[in-house]
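Right, one structure below, let's go through it.
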Amino acid sequence: MMVVNKVSAALLLLGAGCTTVKVKGEIDGETPPIEVSMFLEDSDAFGEEGLVAVVLSSEPNACRLYEYFLDQTDAGGWRGYSIGWQKTFPDNFWQISLVLRTGAFDGTLDGQTFTGIPWDAVPEQNGQAYGHVVHYVQHPRPDSPDNGDWRVDYNSNGGSFEIDKHEPGERLTGTFSAPFVDPVDGSARGELEMKFDARVCPNIAGFGF
Numbered sequence: 003m004m005v006v007n008k009v010s011a012a013l014l015l016l017g018a019g020c021t022t023v024k025v026k027g028e029i030d031g032e033t034p035p036i037e038v039s040m041f042l043e044d045s046d047a048f049g050e051e052g053l054v055a056v057v058l059s060s061e062p063n064a065c066r067l068y069e070y071f072l073d074q075t076d077a078g079g080w081r082g083y084s085i086g087w088q089k090t091f092p093d094n095f096w097q098i099s100l101v102l103r104t105g106a107f108d109g110t111l112d113g114q115t116f117t118g119i120p121w122d123a124v125p126e127q128n129g130q131a132y133g134h135v136v137h138y139v140q141h142p143r144p145d146s147p148d149n150g151d152w153r154v155d156y157n158s159n160g161g162s163f164e165i166d167k168h169e170p171g172e173r174l175t176g177t178f179s180a181p182f183v184d185p186v187d188g189s190a191r192g193e194l195e196m197k198f199d200a201r202v203c204p205n206i207a208g209f210g211f
């Protein structure tokens, strides 16, 4: 059965400035040891409508790592990608991606609440959100492009995303809480609450989703 993975490779490649973040709860018996949070705004991700993506990482120097990785993997297919990954990242770390479908960008999102979608759905309407957790447990192997055992994925199932403060192009604070499930069969894997104070990343303009 195909894994429902709603986060593109481009969303993975984000960096951040210094931020604060707190994660409560467990997923498969572990609390992701998140250190930093970051966000971006894409005003035309859905034609004339936009999205906001928040990425939380267990790597405190995520910005430099992701930027370096991009510089190393401009070409080369899977082999170049995996070798660049091995040179850049540790063999064990966590990343959480949160995506909001916002509609037209016409000001701040202060005080808005977004509804979490089912684990096997995509955001088809404004005001919807989802989360995706990845636990990278080893380096990818250049000679095994179809082997997915280097990462463990989880999708949110429902939940909600509340925005406390939004300074467009600068800062986003809020909370996302939801159950998380196996993306293959939807079986329960835990529940997380994430509170963050994220800064926009200056190095990600032009990435698609």
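Quick note, my numbering runs 2 ahead of the 1-based positions in the sequence shown.
Glycine included, C-beta positions come from ideal geometry on N, C-alpha and C.
*With a cut-off of 8 Å, do at least 3 Cβ pairs link the segment 49 to 59 to the segment 77 to 88?*
no
*Rounded C-beta distance between G133 and F198? I'm assuming under 8 Å.*
G133 to F198, Cβ: 12 Å. No contact.
*Go ahead and label G118 buried or exposed: buried means 16 or more other beta carbons lie within 10 angstroms of its beta carbon, across all protein chains shown.*
buried
*Does the beta-carbon of G161 have 16 or more other beta-carbons within 10 angstroms, so that it is buried, or is it exposed?*
buried
*Going by alpha carbons, who is nearest to V136 out of G109, K167, R191?*
Taking only the C-alpha atoms, the option nearest V136 is R191.
_For S189 and Y68, the rounded distance between their alpha carbons_ = 31 Å
*When DSSP labels each residue in this structure, what does A123 get in the three-state scheme?*
coil
_Candidates P92, Y156, F107, L102, of which the one nearest P62 by Cα_ = Across the set P92, Y156, F107, L102, the C-alpha of P92 shows the shortest separation from the C-alpha of P62.
*Entirely within the segment 27 to 100 and at least 4 residues each: give me those alpha helix (DSSP H) ranges in chain order.*
64 to 74, 79 to 90
*Straight-line gap, S158 to W121 (C-alpha atoms, nearest Å)*: 5 Å
*Straight-line gap, T115 to D145 (C-alpha atoms, nearest Å)*: 44 Å
*CB of G27 within 8 Å of CB of E195, strictly*: yes
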